[in-house]
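Encoded as structure tokens, the structure appears first; notes follow it.
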Amino acid sequence: MADPAKESRPGKTKWEEACKASPVRDVPFETMSGVPVEGVYGNGPYPGQYPYTRGIYPTMYRSRLWTMRMFAGFGTAVDTNGRFREILRNGGTGLSTAFDMPTLMGRDSDSEWALGEVGRAGVAVDTLADMEDLFADIDLSNVSTSMTINGPAAILLAMYVAVAEKNGISPDQLSGTIQNDILKEYQAQKEYIYPPRPSMRIITDMVKYTTSEMPRWHPVSISGYHIREAGSTAAQELAFTLANGFAYVEAAIAAGEDVNVFGKRLSFFFNSHIDFFEEIGKLRAARRIWARWMKDRYGATDERAMMCRFHTQTAGVSLTAQQPETNIARVAIQALAAAIGGTQSLHTDSYDEALALPSEKAARIALRTQQIVAHETGVANVADPLGGAPYVEWMTDEMERRAEAIFDHLLELGNDSILEGVFEGIDNGYFVGEIADSAYRFERELNAGRRTIVGVTGFTEGNEEDDVNLLRIENDTEQDQLQRLATVKSQRNEEAVQTALDDVTSAAADTSGNVMPAILKAVRAYATVEEIGDAMEKVFGRYVEKAIV
Amino acid sequence: MAERRIRIILAKLGLDGHDRGIKVVARILRDAGMEVIYLGLRQTTASIVAATQEEDADAVGLSMHNAGHLTLAPAMVQSLRDADMAVPVIVGGIIPDVDRTELAQAGVAAVLGPGASAEEVVNTVRDAVNSQMDLSR
Amino acid sequence: MSLRDLSTADVFGLAAEGQRHALGRLLSWVEAGGARADEVTELAHPVSGNAHVIGITGAPGAGKSTLTGQLTRLLPARGIRPAVLAVDPSSPLTGGAILGDRIRMDDIAGEAAFIRSMATRGHSGGLALAVPGAVRVFEAAGYDPVIIETVGVGQVEVDVAGAADTTVVVVTPGWGDAVQANKAGLLEVADVFVVNKSDRPGANDARRDLELMLDLSHVSGQEAEFGYRPPIVMASAIDGTGAEEVWDAISAHRSHLSDTNQLESRRERRLTMEVTNRLEQLLHAKSHSLLNSPAGGKLLDDVESRALSPSEAARRLADHIGNQN
Chain A
9 MADPAKESRP GKTKWEEACK ASPVRDVPFE TMSGVPVEGV YGNGPYPGQY PYTRGIYPTM
69 YRSRLWTMRM FAGFGTAVDT NGRFREILRN GGTGLSTAFD MPTLMGRDSD SEWALGEVGR
129 AGVAVDTLAD MEDLFADIDL SNVSTSMTIN GPAAILLAMY VAVAEKNGIS PDQLSGTIQN
189 DILKEYQAQK EYIYPPRPSM RIITDMVKYT TSEMPRWHPV SISGYHIREA GSTAAQELAF
249 TLANGFAYVE AAIAAGEDVN VFGKRLSFFF NSHIDFFEEI GKLRAARRIW ARWMKDRYGA
309 TDERAMMCRF HTQTAGVSLT AQQPETNIAR VAIQALAAAI GGTQSLHTDS YDEALALPSE
369 KAARIALRTQ QIVAHETGVA NVADPLGGAP YVEWMTDEME RRAEAIFDHL LELGNDSILE
429 GVFEGIDNGY FVGEIADSAY RFERELNAGR RTIVGVTGFT EGNEEDDVNL LRIENDTEQD
489 QLQRLATVKS QRNEEAVQTA LDDVTSAAAD TSGNVMPAIL KAVRAYATVE EIGDAMEKVF
549 GRYVEKAIV
Chain B
19 MAERRIRIIL AKLGLDGHDR GIKVVARILR DAGMEVIYLG LRQTTASIVA ATQEEDADAV
79 GLSMHNAGHL TLAPAMVQSL RDADMAVPVI VGGIIPDVDR TELAQAGVAA VLGPGASAEE
139 VVNTVRDAVN SQMDLSR
Chain C
5 MSLRDLSTAD VFGLAAEGQR HALGRLLSWV EAGGARADEV TELAHPVSGN AHVIGITGAP
65 GAGKSTLTGQ LTRLLPARGI RPAVLAVDPS SPLTGGAILG DRIRMDDIAG EAAFIRSMAT
125 RGHSGGLALA VPGAVRVFEA AGYDPVIIET VGVGQVEVDV AGAADTTVVV VTPGWGDAVQ
185 ANKAGLLEVA DVFVVNKSDR PGANDARRDL ELMLDLSHVS GQEAEFGYRP PIVMASAIDG
245 TGAEEVWDAI SAHRSHLSDT NQLESRRERR LTMEVTNRLE QLLHAKSHSL LNSPAGGKLL
305 DDVESRALSP SEAARRLADH IGNQN
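Chains as they are written, first to last, in my numbering: chain A, 9 to 557; chain B, 19 to 155; chain C, 5 to 329.
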């Protein structure tokens, strides 16, 4: 399992050649004191070489720093559009969209479930009209957009395509990502709508659609972040996430897709928690495992389909409400771990997020934290700087061992299919039970004084000092959005909407077809997120989870 | 031989899906000998009231992580009152200290902030139930 | 109006009128046992005894809660008001319990059914009294049938089977591998078998295995005597099939019971069992207090000093109890 031991001269030479072919940034690659440093130290396989334990690119951050992608979204689409355009004006090239809770759950702003939630945790989107507002005056052929949404993902993707279309931009010009990782919803985040199998069918339809129509689009971002936040251990985060990835691969292959083609378009999303070395080992193990399985089990031959590219977010669950400024230290350490772990993009949390949405100042400090790591610490000068350190190599191996044990269990559950094993694990409560056990074990240890959280279980002097300025969202957003929705509904052609919705239901019932074209048609007719979702629910049913506590 | 155990409903109102905390609390209360009727996610005040009646629960525990506590918790208290049920409502999760007074005024029996210990959780529930207890049981 | 200041009879009256909380309170009294529970029994017994009691049991993960939910959703449309008692084990260490069955049922069943979660509280003896007590109270409040849903396998299930007119045993494809399938109790108590999750591979094998087992076991003694062989119903929540067939099988069994006069005799047996259990509990309490009294203590000292034999001591104590009235 460990990397082949000695530095191989041919390997190093190959690496050097690969580096020559990659342009690097125009900065001195020296320590602060002026000592020149190499691009990598120690033994192979080297960065950019299978199995990519040491990084997916030969030059890593020398060529390009990780993307500092900060998540945003609030209020109405018009409000968020303002924020987007500001970001672009300030030189950003990527947009990252947060949606409100009702939208995430496939509900409209006028649903009884939406009361008090409209526009609160993100932007409210009910119809194509909102999407048009969201991206008004933005050239979609020139930006990369990330949409963090799962259950109703197909509908939101269709809306994005429809907006571009209205502006004369064809789908193949669009670049971006949609999270669309439904498996982890059953395991952790709970933003599901339909049961697992029909949801998987929707995702494979989206993979097929993007493969042929949107080659620059990443259709799934396989996420471990939420699994970890729900209380799993690092090894469970690693294993469950990669297993979900394997499940999507198996489903896509079964649907006739080419692993080398869609494999390039899959990406991951990991957590960066506070145990520094465990996180670094975890990320290195992720790359190694993914490469091995894609090559050996799923037959990938294109290197890019074997590479585990990922976004990282620092652990929200590690932030304390007590002495919140200490969170700045936590986030800095977590960001450092992610950079040493070789992430492609990073979101750092704000120090006041334990209690409320981030204030502007706190959000700025979070960004500055990344910039300090990138530009001041020297960590970006050398790829996989801790590679070869005995502890880190051992940790990488250990994470891999533990993950493999979980894969074995899933293969058993699924009769040698990870996809079936994951379905079974969802159905019999395996994932949810393991996560709850880990969460509970941690609480017990905390309670028994065997673990410490500074400011919470100890070192509490300073807790009384108040009070971080909390961001409160006032709610005229809800009224505005309800108005907007009512107006759209009054102006659209009801007959066209109804026909389109019926077509969505038929498409859902037709297991040999793809739901995307019907959804696109419904979206163009200004059907709402909930209406389209319900049209599919007629066929797929609604998922109710079992109580595994 | 009469045996009385505290029966408590645990639930989350609205769309918020963070259930790590409520699951931990369920185990803590079970370990303290209580009977936890676990309703979990996506409950409404109506479904919680119905369960409280059918289960003759001694308390209702709500877990909140979405900044909705100032609307949802009082709504729960009111729904129970409307149904003539004198059952204490205990709220836990992401609750800023500054909101405790308002919640108390709205009739919430107790608030458990982030980082409450297992002992605090158990004692808070016991105290809330005992203060409200129907003595003619 | 709080229930707090009302008499047992008042609360009983409210429950009979359809007040959910009042019924909930009666159930709590019954569970707790003691004088209040006895008062409730006095009130409920004369007006009960006809409800169809259905036990649903099977291994964990068999999908019982979902099936129960589907059944209860079917029934209101047919003018039927079901009550569900969901029994779950208490922790043997702490006595507490996490009762989570109602989630799945609740959502599916809607408002028509009354669902109550009951923990075993560690002593199946207690359950043996609480369950008939609960059934009685449900019926007095107008609910019929009463569905008792239990987890897993073991003594609890056999107890519950004793409390039911019709016992439904739920298995899933692959059940044959599970050791519990062979536990004596389960197969013999089944009046209806359900192969749940029948959309999965192995469903037909599961059915065939059950048929074989029925052929071989002495359960078919029932068949020989009364011409009844437990039907095997295939069900799948995913496909949405089976619930109606399960209900039909349950109804057919009930008809069979009354046609062969077994309904009456089963119920008599149950009441006798209940009286026996109560009697034993009372006697147990009495002997416990006797043994701890000064007179009892003296007898025990005599036994220890060889002045009295254990059998003589026990006989004297029994006589004492017998003479107490």
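Just so you know, even glycine gets a beta-carbon here, dropped at the ideal spot from N, CA and C.
Item	Value
Residue from C:17, C:293, C:72 and C:257 with nearest C-alpha to residue 150 (chain C)	C:72
At least three beta-carbon pairs within less than 8 Å, the region 424-442 of chain A to the region 178-188 of chain A	no
Length of the line joining the Cα atoms of residue 289 (chain A) and residue 403 (chain A)	5 Å
Euclidean distance between Cα positions of residue 48 (chain A) and residue 294 (chain A)	20 Å
Cross-strand partners of residue 352 (chain A) (DSSP beta bridge)	Per DSSP, none; premise fails for residue 352 (chain A).
Inter-residue spacing [alpha-carbon to alpha-carbon] between residue 184 (chain C) and residue 413 (chain A)	Note that residue 184 (chain C) scores a pLDDT of 48, beneath 50, so its modelled location is shaky; the value from the coordinates is reported in the next line. For residue 184 (chain C) and residue 413 (chain A), the distance between alpha carbons rounds to 27 Å.
Integer-rounded CB distance, given that residue 168 (chain C) should sit under 8 Å from residue 198 (chain C)	The pair is not a contact, with the Cβ atoms about 15 Å apart (cut-off 8 Å).
C-beta contact flag for residue 80 (chain B) and residue 29 (chain B) at 8 Å	yes
Contact under 8 Å by Cβ, residue 89 (chain A) with residue 141 (chain A)	yes
C-beta atoms of residue 145 (chain A) and residue 85 (chain A) nearer than 8 Å	no
CB contact below 8 Å: residue 24 (chain C) versus chain A	no
Cβ-based contacts, 9 Å cut-off: residues of the region 75-91 of chain B near chain C	75
heavy atom of the ligand GDP below 7 Å from residue 105 (chain C) C-beta	The ligand GDP is absent from the structure shown, which contains no ligands of any kind.
Extent of the continuous alpha helix (DSSP H) run through residue 51 (chain C)	First-last for residue 51 (chain C): undefined, no H or E at that position.
Inter-residue spacing [alpha-carbon to alpha-carbon] between residue 11 (chain C) and residue 293 (chain C)	30 Å
CB of residue 62 (chain C) within 8 Å of CB of residue 173 (chain C), strictly	yes
Counterpart residues of residue 130 (chain B) in DSSP-defined beta bridges	B:110
Proximity to residue 94 (chain C) [Cα-Cα], best of B:47, B:53 and B:33	B:53
Distance CB(residue 152 (chain C))-CB(residue 175 (chain C)) smaller than 8 Å	no
Nearest-angstrom Cα separation, counted from residue 511 (chain A) out to residue 305 (chain A)	38 Å
C-beta contact flag for residue 342 (chain A) and residue 323 (chain A) at 8 Å	yes
Buried/exposed call for residue 381 (chain A), threshold 16 Cβ in 10 Å	buried
Residue from A:401, A:192, A:331 and A:171 whose Cα sits closest to the Cα of residue 470 (chain A)	A:331
Pair within 8 Å by beta-carbon distance, residue 84 (chain B) and residue 129 (chain A)	yes
N-terminal and C-terminal residue of the beta strand (DSSP E) that residue 89 (chain C) is part of	87-92
Three-state secondary structure assigned by DSSP to residue 84 (chain A)	coil
The region 198-207 of chain C touching the region 241-251 of chain C, judged by at least three CB pairs closer than 8 Å	yes
Contact with chain A by residue 112 (chain B), beta-carbon distance below 8 Å	yes
CB contact flag (residue 102 (chain A), residue 75 (chain A), <8 Å)	yes
Exposed unless 16 or more other CB atoms sit within 10 angstroms - verdict on residue 15 (chain C)	buried
Range covered by the beta strand (DSSP E) that runs through residue 174 (chain C)	170-175
Positions along the region 35-49 of chain B whose CB lies within less than 8 Å of some CB in chain C	44, 45, 47, 48 and 49
Where residue 363 (chain A) meets chain B, residues with beta-carbon distance less than 7 Å	112 and 114
Reference residue 25 (chain A); option with closest CA among A:540, A:55 and A:42	A:55
Pairwise C-alpha distance: residue 128 (chain B) and residue 96 (chain B)	15 Å
Proximity winner among A:38, A:65, A:53 and A:17, relative to residue 28 (chain A) (alpha-carbon distances)	A:65
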